[in-house]
Every structure is written in structure tokens, then in C-alpha cells.
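Structure first, then comments.
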Amino acid sequence: MKSINRLLSFGYQLAPRYLLISFFALAIVACGRTAPQTSIAKERLPYPKNALEPFITAKTMGLHYGKHYAGYIAATNRLLAEHRGNAQTLPEIIRTTAGNETSRSLFNNAAQAWNHAFFWKSMKPNGGGKPSGPLADAINASFGGFKQFKRAFMDAARNHFGSGWAWLVADGGTLKIVTTNNADTPLTDGLTPVWVVDIWEHAYYIDYQNRREAYVQTVLKELANWEFAAQQLAGASR
Ligand code: MN3
41 MKSINRLLSF GYQLAPRYLL ISFFALAIVA CGRTAPQTSI AKERLPYPKN ALEPFITAKT
101 MGLHYGKHYA GYIAATNRLL AEHRGNAQTL PEIIRTTAGN ETSRSLFNNA AQAWNHAFFW
161 KSMKPNGGGK PSGPLADAIN ASFGGFKQFK RAFMDAARNH FGSGWAWLVA DGGTLKIVTT
221 NNADTPLTDG LTPVWVVDIW EHAYYIDYQN RREAYVQTVL KELANWEFAA QQLAGASR
């Protein structure tokens with residue numbers, strides 16, 4: 041009996057310490073898990089502003105990266121500061137605010153921030169040419185050939201009404217071409233973005249005026265970064 045009492049009193053002495061330790065451990069885990077993202081960082085342009093000349097001028101890139109993209113980042117951070125949410129990353133912010141009327145402004149700016157960072161990487165100086173390896177195989181299997189893919193991509197970009205984006209996406213094992221309106225992004229449709237062209241007028245108006253088709257054709261022919269697209273496809277099938 042005595043030994044049981046001794047054991048019990050030993051247990052009571054230890055209990056508060058264990059409770060305190062567990063409380064702090066839980067608090068640390070909870071904070072790590074639910075602390076809201078309070079800011080997103082501007083991604084570096086992967087090449088100098090004038091590196092895509094003469095196809096996209098330094099003037100266009102200066103405005104597009106330095107004003108439009110910077111504006112989306114600044115607005116996202118301003119809105120995030122007053123947003124109540126648990127999203128940790130930019131794609132999570134986009135997915136958790138999509139279709140929610142009260143966070144429409146945050147969605148628009150966050151999605152534009154993500155879409156533009158993806159677009160900068162979809163181009164490179166001395167790009168274009170033809171994809172190779174698994175990306176070329178997937179394009180052949182899904183569209184019947186690279187020529188057919190380009191034709192379908194041009195049609196989609198040309199026929200898209202108003203501001204938006206023309207995408208090559210992976211849907212399971214298949215590649216598809218989709219266009220999205222305004223800030224909308226395939227990220228919220230369960231699709232994996234593989235490559236994109238910004239078809240908002242601000243992307244081409246200084247260099248091509250109303251000739252969107254000439255602009256998209258030039259991006260395909262001279263600037264497309266197919267290595268980046270191939271990496272996105274490889275990531276999608278992992
Ligand atoms: Mn843009």
C-alpha cells in the first residue's frame with residue numbers, strides 16, 4: 041500500500057511538468073501549421089530586361105515586370121496582411137481564395153503574381169525551336185505533332201476574348217491547351233501548368249499593338265523555353 045502511495049505522489053509531482061511540456065510542444069506545432077503567410081516575394085526575372093529584344097523590348101519588360109508584376113506582388117501583400125487564412129504558399133493562397141467572393145481581390149492579385157512568375161520562366165533568350173525528349177513525345181501523342189500543337193495553340197490564343205492566358209497543361213497523362221480569363225489559372229482546376237503565354241494587352245501592345253497573333257507566334261518561334269516546360273511535365277508525372 042505504502043509503495044502504491046509513493047508511486048502516486050511521484051506521479052502527481054511529475055504531471056504538471058509533463059502537462060506544461062506537452063502544452064508548449066502542441067503550441068509550437070500549432071503555430072508552425074497555422075501561422076498565416078504574411079508576405080510573398082517577387083521572383084527575379086531570369087534574364088536581363090533587354091534579353092528578349094528585338095522580340096519583346098526592354099520597355100515592355102520594364103513595365104510588365106517592374107510595374108504590372110510588382111503591382112500584383114504589392115497588392116497581394118497588402119491584402120494578405122488583413123486576410124484571415126492558413127495558406128502557407130502562393131499556390132495555397134490561390135486555391136483557398138478561388139471562387140470566394142469576399143477574397144476575390146486577393147485571389148486576383150495572388151494568381152496574377154503566380155501566373156507572371158510562370159510566364160517569365162516560360163521564355164528565354166534564344167529560345168523557340170522544338171521540344172525534345174518526353175515533352176516532344178507527349179506533344180506528339182496529344183496533338184499529333186509539334187506543328188499541330190502550334191496551330192492549336194495559336195487558334196486558342198487568337199480566339200480568346202479579352203484579357204487572359206494561353207496555357208499548355210498536363211491533365212493526367214494528356215497534354216491540353218486551355219485559355220483562362222483575367223487572373224484565372226489552371227492551378228485551381230486540378231491541371232498542371234506546363235507552359236504559358238500572357239495574352240493580356242499589356243504584354244504586347246507597345247511592341248505589337250493589336251497584333252496578338254504576331255506576338256504569340258514570335259514567343260513560340262523565338263522565345264519559348266521548352267526545357268522549363270519539360271521540367272514542369274516531369275514534375276507532373278512524379
Ligand atoms: Mn501580364
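So the sequence shown is numbered by our numbering: it starts at 41 and just counts up by one.
By construction, the Cβ of each residue, glycine as well, lies at the ideal position given by its N, Cα and C atoms.
As the structure is a prediction and not an experimental result, all values here were calculated from the model.
Exposed unless 16 or more other CB atoms sit within 10 angstroms - verdict on residue i
i, result
"TYR140", "Strictly speaking, residue 140 in this sequence is Asn, with Tyr absent from that position. Label assigned to ASN140: exposed."
"ALA223", "buried"
"PHE201", "exposed"
"ASN148", "buried"
"LYS107", "exposed"
"ARG252", "buried"
"THR225", "buried"
"LYS99", "exposed"
"ALA9", "Since the first residue of the chain shown is 41 and the last is 278, residue 9 is not available in this structure."
"HIS123", "buried"
"HIS156", "buried"
"ARG73", "No answer about ARG73 holds up, because its pLDDT of 46 lies below 50 and its placement is not dependable."
Sequence-distant residues of its chain with Cβ nearer than 7 Å to residue i (five each side left out)
i, result
"LEU273", "PRO174, LEU175, ALA178, ALA210, VAL234"
"LYS161", "PRO86, ASN265, PHE268"
"ASN250", "none"
"THR232", "VAL209, ALA210, GLN272, ALA276"
"ILE246", "THR97, LYS99, THR100"
"PRO165", "TYR87, ALA91, LEU92"
"PHE95", "THR258, GLU262, LEU263"
"ARG144", "none"
"GLY244", "A small correction: the amino acid at residue 244 is Tyr; Gly does not occupy that position in the sequence shown. The residues are ARG252, TYR255."
Rounded Cβ spacing between residue i and residue j (contact assumed at less than 8 Å)
i, j, result
"LEU120", "SER79", "6 Å"
"ALA276", "PRO171", "With a Cβ gap of about 15 Å, ALA276 and PRO171 do not count as contacting."
"GLU262", "GLY167", "7 Å"
"ALA197", "VAL256", "4 Å"
"THR220", "TRP207", "7 Å"
"MET163", "LEU215", "At roughly 19 Å, the Cβ-Cβ gap does not stay under 8 Å, so MET163 and LEU215 are not in contact."
Other residues of its chain near residue i: CB distance less than 6 Å, five sequence neighbours each side excluded
i, result
"THR4", "No statement about residue 4 is possible, as the shown extent of the chain runs from 41 to 278 and does not include it."
"PHE159", "VAL236, ASP238"
"TYR105", "LEU85"
"LEU103", "none"
"LYS82", "ILE113"
"TYR248", "ALA254, TYR255"
"SER203", "ASN222, TRP240"
"LYS89", "ALA98, MET101, GLY102"
Residue-level contact to chain C via CB, residue i, 7 Å cutoff
i, result
"ALA206", "The question asks about chain C, but that chain is absent: this structure has only one protein chain."
8 Å CB neighbourhood of residue i in its chain, flanking five on each side removed
i, result
"MET194", "GLU253, VAL256, GLN257, LEU260"
"HIS242", "LEU103, HIS104, HIS108"
(request) Give every residue whose Cβ lies closer than 6 Å to any heavy atom of ligand 1, listed in chain order. (result) Result: HIS104, HIS108, HIS156, ASP238, TRP240, HIS242, ALA243.
(message) Under 8 Å, with one C-beta from each stretch per pair, do the stretch 133-150 and the stretch 179-196 reach the 3-pair mark?
(response) Three or more beta-carbon pairs separated by less than 8 Å are not found between the stretch 133-150 and the stretch 179-196, which leaves the two stretches without contact.
(message) Quick check: the stretch 101-115 against the stretch 142-157, are at least 3 beta-carbon pairs closer than 8 Å?
(response) Using a C-beta cut-off of 8 Å, the stretch 142-157 makes contact with the stretch 101-115, since at least three inter-stretch Cβ pairs fall below that distance.
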